[in-house]
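This is how it looks when you write it as structure tokens:
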């Protein structure tokens, strides 16, 4: 929660500069970024109800203060191996068309202002599945960060 | 007090408050046209309504005021302070009369002549004579103005302070009987209460775990209050079902005149209340059913006389509460359902075999009327008989968790019984567990719970793989919930529970592992990305805070086929699928069938010559391929499911027969499901050999048969026929057709006949080809196409250019004489119905054999 609030505050402060503020998260070992303004909440491990017959990317649904949130497993969404037994996931809650969705990540990192100048378009060799949901790549010191397009991450089963 | 009068009073009170404010505004800005119009409109409405209600005194005053306002609005009279004061006085007078009306139900005595005279004088342009007098109502202005915010808030409708009493209003200004609240506010309240119920449930759950908690008593009280509140808020949304019936007397009268029948309509229980959301949803289906009763149900006076019934037919609507449901009966004393006709029709449509029909009870046969495309009306009238109707009614009822049944006795009449929940917002549900997950089953469908597998308890039995339960005297089909939901745990079927569920007239059991208690749940819709999972009707949060999916018994019945109407199509559902390429311009009749896997398959009915049911022993084998002697010839059979296994064949093999001249081939399928009429949108994503792609038909993904491909499987010579003189012989044909589906039908047929076919998707592309110098021997074009249609294409081809004299064949869904005439005028050489492959080939052959220019050749088909 506090992460969110901070993020919002800094997001507003930096909105007019040449930087965009992202919440970083890790999926397996891949560093990803979600625009901080899209994030409503960050939750620790939650009880998730499985939804039979749902698309494989849908991990289930959870209760966020009386609202039902559909959880999307980013590992499956990105075609990565499933989470090992016994490990837990963090929920990054985002909203789309009035519905809440939770993006399940392995870890949630910090809120970073990322200068636009460090952003590069998707390399053409990127896995098509990733290219579909990625807005670009950020150089972040030693590592590369994939900018996730929340809209497209949630467009499951849509062309 | 009369409802109408009460409504009028409420409305007038609101109008008066708004008027006060508007008039003051007007006084300040006499040129404000919108305000003037608003004032005029309100006074006009009051005048109009009271004229209608026979309130003469009120009308006279309002009319006089309206005259003045009318002149203000038309700018033929300047707005003066004196004039406004006069109108305010008129309003006060109106207010006084309204107050009297409220108190006594009739207009109070009084003399308005001076006021009216003054108003008339003002309207005539005279300066109001009583200029100083308006002092009296003047204080009304500041008093009334603050109490005039938006009309929707309760305070707005509170009677204005005692200023109104300046006239002859009785003291104490009776409070209005009703207040108007926007539906939105009610919806919000309902939602909040729903949440409150959830929270209460959670608290109760927590308290249950703790004995002797100090919270127990206050919690109990909270629980009661919550229940009362829930009930109270629900009541605010309740409306008498009579509201949905209001238009029926007129409808029935008109129908009676149109159909030459005498019809009496009796409505009982019109005051029975139900949730407005439900009310809205049943309005149309109810209207439809009454229409049906009048048209199909009731006989003509002549017939009734002969049957010894009174000449006037009777339609009875009856509504009453039963448990948490409302029951609506729509009964007529007409001819009743004709079982024989339904049976014959079901047979003709391939909905059931004769043997199946023979085994059905009358009730089951009657239920065929709920199947899509089923109408026994001999003639299609303007009123009904088009075969859309009862299935739509049923679908709509099911969508809101309701059921519909029919009871009919021949010669005595038909009764439809609709059972719907009072509200959709909160339902009572049974919580069950299957495969380690919990689910909620709405109580409405649950008939009983049966424990199986224990000591002395009934046992699950199996017929091949299908689990069944012998329950008293009936054999209950069972659905294993864990299996249906593909939950990995192989649930212990031997010791579980069976939730006996009823969907329509069908009863089936759902096998679950455990049963918890029942809980009041608030149905929340599932996220859009899950909408396609029709087994769930929603989800909710349980008392313990966990999220749970709500099962839809209708969806389960559909998914498993336990309901006899499993294949029902829901008209209007899933038509336009985004991303689909194929786009048929017309609705096509499709034959639905099953073969091989569970996915339904479809083929245009027009391509199928006949549907046969061939006894197993008649199917012979030659060189490992099945054959049958059919109409004196050998007909090759092609198994659609791939391999042909003579041993696994059913006693009777359904076969779709395709024929061409005197050749025929049969496609072996597992089961004929239905004939539906649908606008085809084929998504080529599902394309594979033998299938063109998939389409959503009746809410189900259905594979479209690639007929040409299957015909090739029957043997090389299928199209070749007299292969030597292949008619096409490399002649070049251009096909202009916007629908990928029809292109894929026509192109292979022509190619197989030896033509070199080029296909384009629209007329402009065809013209581009012409301008690019391409040359063909003949052109086949669709008529209805987006953008430039076939007629326009023909006209522009005939105008000039290299293709001016080419034979031009129109391919169309409609081949009415008038259309043919129009096509001929536009320059088409011939007119061929879509799907009629033989006709098309013949037409091409003729056109090319005598390469005469347009307008003269061959007969239109």
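Chains as they are written, first to last, in the working numbering: chain R, 1297 to 1455; chain W, -13 to 847.
We put the beta carbon where it would ideally sit given N, CA and C, even for glycine.
Note that this is a predicted model, so its numbers are computed, not measured.
{"query": "Reduced DSSP category for residue 688 of chain W - H, G, I as helix; E, B as strand; rest coil", "result": "strand"}
{"query": "Same chain, Cβ closer than 8 Å to residue 22 of chain W, five either side skipped, listed in chain order", "result": "12, 55, 58, 59, 65"}
{"query": "Contact residues within the region 1390 to 1414 of chain R, judged by C-beta distance below 9 Å to chain C", "result": "Judged by its chain identifiers, the structure shown contains no chain C, and its protein chains are R and W."}
{"query": "8 Å Cβ cutoff, residue 1442 of chain R in contact with chain W", "result": "no"}
{"query": "Beta-carbon proximity of residue 848 of chain W to residue 50 of chain W, cut-off 8 Å", "result": "One cannot answer for residue 848 of chain W here, as it falls past the ends of chain W, which runs -13 to 847."}
{"query": "Beta carbon proximity, residue 1350 of chain R to chain W, threshold 8 Å", "result": "yes"}
{"query": "Distance, residue 398 of chain W Cα to residue 302 of chain W Cα", "result": "13 Å"}
{"query": "Residue 324 of chain W - DSSP class collapsed to helix/strand/coil", "result": "coil"}
{"query": "Residue 270 of chain W, buried or exposed, once every other Cβ within 10 Å from all chains shown has been counted against 16", "result": "exposed"}
{"query": "Rounded separation between residue 343 of chain W and residue 291 of chain W - CA only", "result": "33 Å"}
{"query": "Residue 302 of chain W, enclosing beta strand (DSSP E) - first and last residue", "result": "299 to 308"}
{"query": "Chain R contact residues for residue 510 of chain W, given Cβ-Cβ distances below 7 Å", "result": "1364"}
{"query": "Where residue 158 of chain W sits in the DSSP three-state scheme", "result": "At residue 158 of chain W the pLDDT is 44, less than 50, meaning the model places this residue with poor confidence and gives no usable figure here."}
{"query": "CB contact below 8 Å: residue 466 of chain W versus chain R", "result": "no"}
{"query": "Simplified DSSP state of residue 453 of chain W, which is helix, strand or coil", "result": "strand"}
{"query": "Sequence-distant residues of its chain with Cβ nearer than 6 Å to residue 723 of chain W (five each side left out)", "result": "729, 768"}
{"query": "Collapsed DSSP secondary structure at residue 197 of chain W in the structure displayed", "result": "coil"}
{"query": "Under 7 Å by beta carbon: chain R residues contacting residue 527 of chain W", "result": "1359, 1362, 1364"}
{"query": "Sequence-distant residues of its chain with Cβ nearer than 6 Å to residue 718 of chain W (five each side left out)", "result": "742, 762, 763"}
{"query": "Backbone CA spacing between residue 774 of chain W and residue 784 of chain W [nearest angstrom]", "result": "15 Å"}
{"query": "Reduced DSSP secondary structure (H/G/I, E/B, other) of residue 407 of chain W", "result": "strand"}
{"query": "Simplified DSSP state of residue 741 of chain W, which is helix, strand or coil", "result": "coil"}
{"query": "Inter-stretch contact at 8 Å, needing at least 3 Cβ pairs: the region 1333 to 1347 of chain R / the region 1384 to 1404 of chain R", "result": "yes"}
{"query": "Closer than 8 Å to chain R by CB, residue 423 of chain W", "result": "yes"}
{"query": "Chain-ordered neighbours of residue 1435 of chain R on chain W, where CB pairs are closer than 7 Å", "result": "Under the 7 Å cutoff, chain W gives no residues; its nearest Cβ is about 33 Å from residue 1435 of chain R."}
{"query": "Chain-ordered residues of the region 1331 to 1356 of chain R with a beta carbon less than 9 Å from chain W", "result": "1343, 1344, 1345, 1346, 1347, 1348, 1349, 1350, 1351, 1353, 1354, 1356"}
{"query": "For residue 526 of chain W, the first and last residue of its enclosing beta strand (DSSP E)", "result": "522 to 527"}
{"query": "Any C-beta of chain W under 8 Å from that of residue 1382 of chain R", "result": "no"}
{"query": "N- and C-terminal bounds of the beta strand (DSSP E) containing residue 1388 of chain R", "result": "1386 to 1392"}
{"query": "Under 8 Å (Cβ pairs) to chain R, residues found in the region 179 to 198 of chain W", "result": "181, 184, 185"}
{"query": "Short CB-CB distance (under 8 Å) between residue 469 of chain W and chain R", "result": "no"}
{"query": "Sufficient close CB pairs (3 or more, under 8 Å) joining the region -6 to 3 of chain W to the region 34 to 44 of chain W", "result": "yes"}
{"query": "Check whether residue 877 of chain W and residue 426 of chain W have beta carbons under 8 Å apart", "result": "Lying outside -13 to 847, the shown extent of chain W, residue 877 of chain W is not represented and no answer is given."}
{"query": "The region 482 to 506 of chain W: positions lying closer than 8 Å to chain R by Cβ", "result": "none"}
{"query": "Near the ligand ADP: residue 488 of chain W beta-carbon under 7 Å from a heavy atom", "result": "The ligand ADP is not part of the structure shown, which contains no ligands of any sort."}
{"query": "Backbone CA spacing between residue 1 of chain W and residue 33 of chain W [nearest angstrom]", "result": "12 Å"}
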